[in-house]
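Chains as they are written, first to last, in our numbering: chain A, 8 to 287; chain B, 704 to 1005. Backbone N, C-alpha and C fix where the C-beta goes; we use that ideal spot for every residue, glycine too. To keep things clear, I will list the structure first and then write my remarks on it.
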Amino acid sequence: MPDTPRPAQPAPWLQIDGVSLEYRSPQRVVRATHQISLDVHQGDRFVLLGASGCGKSTLLKAIAGFITPTEGEIRLQGQPVRGPGPDRMVVFQEFDQLPPWKTVLANVMFPLLASRRLGKAEARERALDVLDKVGLASFAHVYPHQLSGGMKQRVAIARALAMQPQVLLMDEPFAALDALTRRKMQEELLALWDALRFTLVFVTHSIEEALVVGNRIGLLSPHPGRVRAEINSHAWDLHSAGSPDFQAAAQRIHHLLFEEAPAESPPTPAPQLAPWKNAA
Amino acid sequence: MSTPPTSLPASLPASLPTPPVRPEYERTLPPLPGLSLARPLPLAARAWQQPGLRRGLILLLLAVLWELLARWQDNDLLLPTFGATARALVEGLLSGELLQRAQLSLAVLLKGYLAGMALALGLTTLAVSTQFGRDLLATLTAMFNPLPAIALLPLALLWFGLGQGSLVFVLIHSVLWPLALNTYAGFQAVPETLRMAGRNYGLTGIRYVVQILIPAALPAILSGLKIGWAFAWRTLIAAELVFGATSGKGGLGWYIFQNRNELYTDKVFAGLALVIVIGLLVESLVFSNLERVTVRRWGVQR
Chain A
8 MPDTPRPAQP APWLQIDGVS LEYRSPQRVV RATHQISLDV HQGDRFVLLG ASGCGKSTLL
68 KAIAGFITPT EGEIRLQGQP VRGPGPDRMV VFQEFDQLPP WKTVLANVMF PLLASRRLGK
128 AEARERALDV LDKVGLASFA HVYPHQLSGG MKQRVAIARA LAMQPQVLLM DEPFAALDAL
188 TRRKMQEELL ALWDALRFTL VFVTHSIEEA LVVGNRIGLL SPHPGRVRAE INSHAWDLHS
248 AGSPDFQAAA QRIHHLLFEE APAESPPTPA PQLAPWKNAA
Chain B
704 MSTPPTSLPA SLPASLPTPP VRPEYERTLP PLPGLSLARP LPLAARAWQQ PGLRRGLILL
764 LLAVLWELLA RWQDNDLLLP TFGATARALV EGLLSGELLQ RAQLSLAVLL KGYLAGMALA
824 LGLTTLAVST QFGRDLLATL TAMFNPLPAI ALLPLALLWF GLGQGSLVFV LIHSVLWPLA
884 LNTYAGFQAV PETLRMAGRN YGLTGIRYVV QILIPAALPA ILSGLKIGWA FAWRTLIAAE
944 LVFGATSGKG GLGWYIFQNR NELYTDKVFA GLALVIVIGL LVESLVFSNL ERVTVRRWGV
1004 QR
């Protein structure tokens, strides 16, 4: 719904160009993704969706610069990605991404100071401003261990947003949260995007979350990860989650992901469960 | 199992339980003005929460036991009473002799301790940043950690002469290896996500070590520092006991040794007691405060 019509396809903001990723175990080299090409445009909420083992998190880590592609290239605004950097802030799934020795405020200021982007006073000002946006202004001087999981993730998001990164990378950021908190966080993330219009790459394994959070979804098939489809999802938000066409879209994605015979049967519990087991 | 439920009809073998359908209800919850959600603990329970009180009680108990044992033994040459030891300690402190000896010992100790810390930090930084450094640390600690510092003292005396240099050398030896091992173990236990977050901020090299690895590994580093402190004390007192005064005036170990020769057993005990008191003071003033403002406050250690 909030997606603006693109004027005659501007150059993509983030280009993933034929990227193959491999990781090394002591015995062998395993191919995680195979020649993935995706374009992310400025202001996109691009979701990488797939079952576990499809390499979506690995791909995100490659965009972040933690892994070098064995083939292909990742370009941000035309510049090839070489190594991690604060222009691509990552929000991880784990709660221990926040240094426990820093207060909430210091945590949000940390990347601003570490990357020498702002002076102390300006960093403090911006951090307080962003903390206010995520609703944690009154917790600025508290240590992370005193926060709930949802609040920690909010700090992680605030920390990333304060950097005003060119791309915000989120690796299943709400997966470790309970269902109620997760829904609230999705709502807040969308509100923040509405206000700030950052470019987001979001990894999830939940079809519902992908439809709600994203405006475009890249479906990855597992072993090795390849792009199965790209789907527009700008029509859905949290309020359309129960509607029949939302359900139909979810069904379509489900079939695409698990390579079933083209959808003709209404969802029955048994065939829905079996592919999950196979994929895991 | 042994007694079958009496209400179960015999005709229904292991019948599947069907819960009854009960009426629904909704309530509006009024605020609870009279109820306070947090109550203070009773005074005795709060006092018992003070570690100082608990530890003081333990010390008192030990002192009473000592006094009783010494009176029962009734031989000042073998075991002076707690009272006699305390008197000797106070006299020694008032006359300034004990303080001066302690000061001498502490000065040497601090030199060795700080040098050992610096070397351990350098070695572990090398170990986390390069493969070669890791092997170097592993090999060196495996070789030298089991060597008692006292065994190195004769060599040190040959190399550095009968001065502070040889003492500092063995002190470094006794601090360096346990501290390096602990620090390295702490570095390795830093969660992968936290490492990635640090690199994501653009931190590399020494800034990465100082701003991410060291604070994240602080619980392990602090325990290494404590172990190193204890090892350093042991080494120093033992070295003074065995090899005597190094440069004219000796420290606490020498004080103990001299008084043992002259059979002033109460003074021997006073010297030992001072070593213990200094240890307790450093533990309760330096290390516990360091832990309070760091690892406890951050919630990474209880």
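Given this structure, state the Cα-to-Cα distance separating residue i from residue j, to the nearest angstrom.
i: Leu-112(A); j: Val-141(A); result: 12 Å
i: Glu-943(B); j: His-152(A); result: 46 Å
i: Asp-103(A); j: Ile-979(B); result: 39 Å
i: Ser-832(B); j: Lys-127(A); result: 29 Å
i: Ser-250(A); j: Ala-257(A); result: 11 Å
i: Val-208(A); j: Ser-145(A); result: 29 Å
i: Phe-117(A); j: Thr-721(B); result: 58 Å
i: Arg-157(A); j: Ala-182(A); result: Arg is not the amino acid found at residue 157(A); the sequence shown has Gly there. Cα to Cα, the separation comes out at about 11 Å.
i: Leu-861(B); j: Gly-868(B); result: 11 Å
i: Glu-237(A); j: Asp-24(A); result: 15 Å
i: Glu-216(A); j: Arg-259(A); result: 15 Å
i: Met-846(B); j: Gly-825(B); result: 18 Å
i: Pro-172(A); j: Met-96(A); result: 6 Å
i: Ala-281(A); j: Val-36(A); result: Legend: pLDDT at Ala-281(A) = 40, less than 50; position of this residue unreliable, value from coordinates given subsequently. Distance between the alpha carbons of Ala-281(A) and Val-36(A): 29 Å.
i: Gln-16(A); j: His-241(A); result: 17 Å
i: Glu-129(A); j: Arg-31(A); result: 43 Å
i: Glu-994(B); j: Glu-986(B); result: 10 Å
i: Val-47(A); j: Ala-58(A); result: 21 Å
i: Ser-877(B); j: Pro-851(B); result: 8 Å
i: Gln-22(A); j: Ala-202(A); result: 25 Å
i: Leu-817(B); j: Ile-924(B); result: 14 Å
i: Val-945(B); j: Asn-903(B); result: 54 Å
i: Gly-92(A); j: Gly-737(B); result: 55 Å
i: Asn-992(B); j: Ile-761(B); result: 21 Å
i: Phe-990(B); j: Leu-874(B); result: 19 Å
i: Val-98(A); j: Ser-228(A); result: 23 Å
i: Thr-206(A); j: Glu-727(B); result: 47 Å
i: Leu-764(B); j: Leu-772(B); result: 12 Å
Identify which residue in the options has its Cα closest to the Cα of residue i.
i: Pro-922(B); options: Thr-886(B), Gly-908(B), Ala-933(B); result: Thr-886(B)
i: Leu-55(A); options: Ile-224(A), Asn-239(A), His-246(A); result: Ile-224(A)
i: Pro-107(A); options: Ala-167(A), Tyr-150(A), Pro-76(A), Ser-44(A); result: Tyr-150(A)
i: Leu-143(A); options: Arg-124(A), Ala-130(A), Arg-189(A), Ala-165(A); result: Ala-165(A)
i: Arg-82(A); options: Leu-203(A), Val-174(A), Arg-235(A), Thr-211(A); result: Val-174(A)
i: Tyr-967(B); options: Arg-749(B), Leu-781(B), Ala-766(B), Trp-751(B); result: Leu-781(B)
i: Leu-916(B); options: Met-899(B), Leu-840(B), Lys-929(B); result: Met-899(B)
i: Thr-896(B); options: Leu-21(A), Cys-61(A), Ala-71(A), Asp-185(A); result: Ala-71(A)
i: Thr-907(B); options: Ala-121(A), Asp-252(A), Leu-227(A); result: Ala-121(A)
i: Ala-976(B); options: Gln-776(B), Ala-741(B), Ile-940(B); result: Ile-940(B)
i: Glu-770(B); options: Gly-755(B), Thr-788(B), Leu-760(B), Leu-839(B); result: Thr-788(B)
i: Cys-61(A); options: His-262(A), His-246(A), Ala-248(A), Val-234(A); result: Val-234(A)
i: His-262(A); options: Leu-226(A), Leu-199(A), Pro-87(A), Gly-50(A); result: Leu-226(A)
i: Trp-936(B); options: Leu-797(B), Gln-752(B), Leu-813(B); result: Leu-813(B)
i: Pro-19(A); options: Phe-53(A), Arg-131(A), Ala-186(A), Ala-147(A); result: Phe-53(A)
i: Leu-105(A); options: Lys-159(A), Gln-84(A), His-148(A); result: Lys-159(A)
i: Leu-184(A); options: Gly-85(A), Leu-245(A), Gln-100(A); result: Gln-100(A)
Output needed for residue i: all residues of its chain with C-beta closer than 7 Å, excluding positions within five of it in sequence on either side, in chain order.
i: Phe-872(B); result: Ala-859, Phe-863
i: Ile-981(B); result: Ala-805
i: Leu-125(A); result: Leu-119, Arg-133
i: Leu-822(B); result: Ile-875, Leu-879
i: Pro-754(B); result: none
Closer than 6 Å by C-beta to residue i: which residues in its own chain qualify, once you throw out the five before and the five after it? Chain order, please.
i: Ala-687(B); result: Since the first residue of chain B shown is 704 and the last is 1005, residue 687(B) is not available in this structure.
i: Val-210(A); result: Leu-55, Lys-63, Ser-64, Leu-67, Asp-178, Glu-179
i: Leu-884(B); result: Thr-844
i: Ala-830(B); result: Gly-836, Arg-837, Leu-840, Tyr-887
Return the Cβ separation of residue i and residue j in integer angstroms, given the expectation that the two are a contact with Cβ distance under 8 Å.
i: Val-137(A); j: Ala-163(A); result: At roughly 12 Å, the Cβ-Cβ gap does not stay under 8 Å, so Val-137(A) and Ala-163(A) are not in contact.
i: Thr-40(A); j: Pro-231(A); result: 6 Å
i: Gln-193(A); j: Val-220(A); result: 6 Å
i: Trp-243(A); j: Leu-218(A); result: 5 Å
Near residue i, what residues of its chain come up, given a Cβ to Cβ distance below 8 Å and the 5 sequence neighbours on each side ignored?
i: Ser-808(B); result: Leu-939, Ile-940, Glu-943, Gly-954, Leu-955, Gly-956
i: Asp-838(B); result: none
i: Val-26(A); result: Thr-40, Gln-42, Ile-43, Ser-44, Leu-66, Ala-69, Pro-76, Glu-78, Gly-79, Glu-80, Ile-81
i: Ala-766(B); result: Phe-785
Which residues in chain D sit within 7 Å of residue i, going by Cβ to Cβ distance?
i: Pro-107(A); result: Here the protein chains are A and B, and chain D is not one of them.
Self-check item: Within 7 Å of chain A by C-beta, residues of the segment 880-914 of chain B in sequence order
Solution: Of all residues in the segment 880-914 of chain B, Pro-894, Thr-896, Leu-897, Met-899, Ala-900, Arg-902, Asn-903, Tyr-904, Gly-905, Leu-906, Gln-914 have a Cβ within less than 7 Å of some Cβ in chain A.
Quiz item: What residues from the segment 117-135 of chain A come within 7 Å of chain B, judged by C-beta to C-beta, listed N to C?
Solution: Under the 7 Å Cβ criterion, the segment 117-135 of chain A contributes Phe-117, Pro-118, Ala-121, Ser-122.
Self-check item: Near-chain B residues of the segment 68-97 of chain A (beta-carbon distance less than 7 Å), N- to C-terminal order
Solution: Ala-71, Phe-73, Pro-91, Gly-92, Pro-93, Met-96, Val-97: these are the residues of the segment 68-97 of chain A whose beta carbon lies less than 7 Å from some beta carbon of chain B, given in chain order.
Quiz prompt | Near-chain B residues of the segment 145-163 of chain A - C-beta to any C-beta below 8 Å | solution = Per Cβ criterion, the list reads Tyr-150, Pro-151, His-152, Gln-153.
Self-check item: Contacting positions in the segment 984-1004 of chain B - beta carbon closer than 9 Å to chain A
Solution: The segment 984-1004 of chain B vs chain A, Cβ under 9 Å: Thr-997, Val-998, Arg-1000, Trp-1001, Gly-1002, Val-1003.
Practice problem: Anything in the segment 12-40 of chain A with a Cβ closer than 8 Å to a Cβ of chain B? List those residues in chain order, please. | Solution: Those would be none; no residue qualifies.
Quiz prompt | chain A contacts made by the segment 919-930 of chain B, where a contact means CB separation under 8 Å | solution = Residues Ala-919, Leu-921.
Practice problem: Pull out every residue of the segment 243-262 of chain A whose Cβ sits closer than 8 Å to any Cβ of chain B, in chain order. | Solution: From the segment 243-262 of chain A, no residue has a Cβ closer than 8 Å to chain B.
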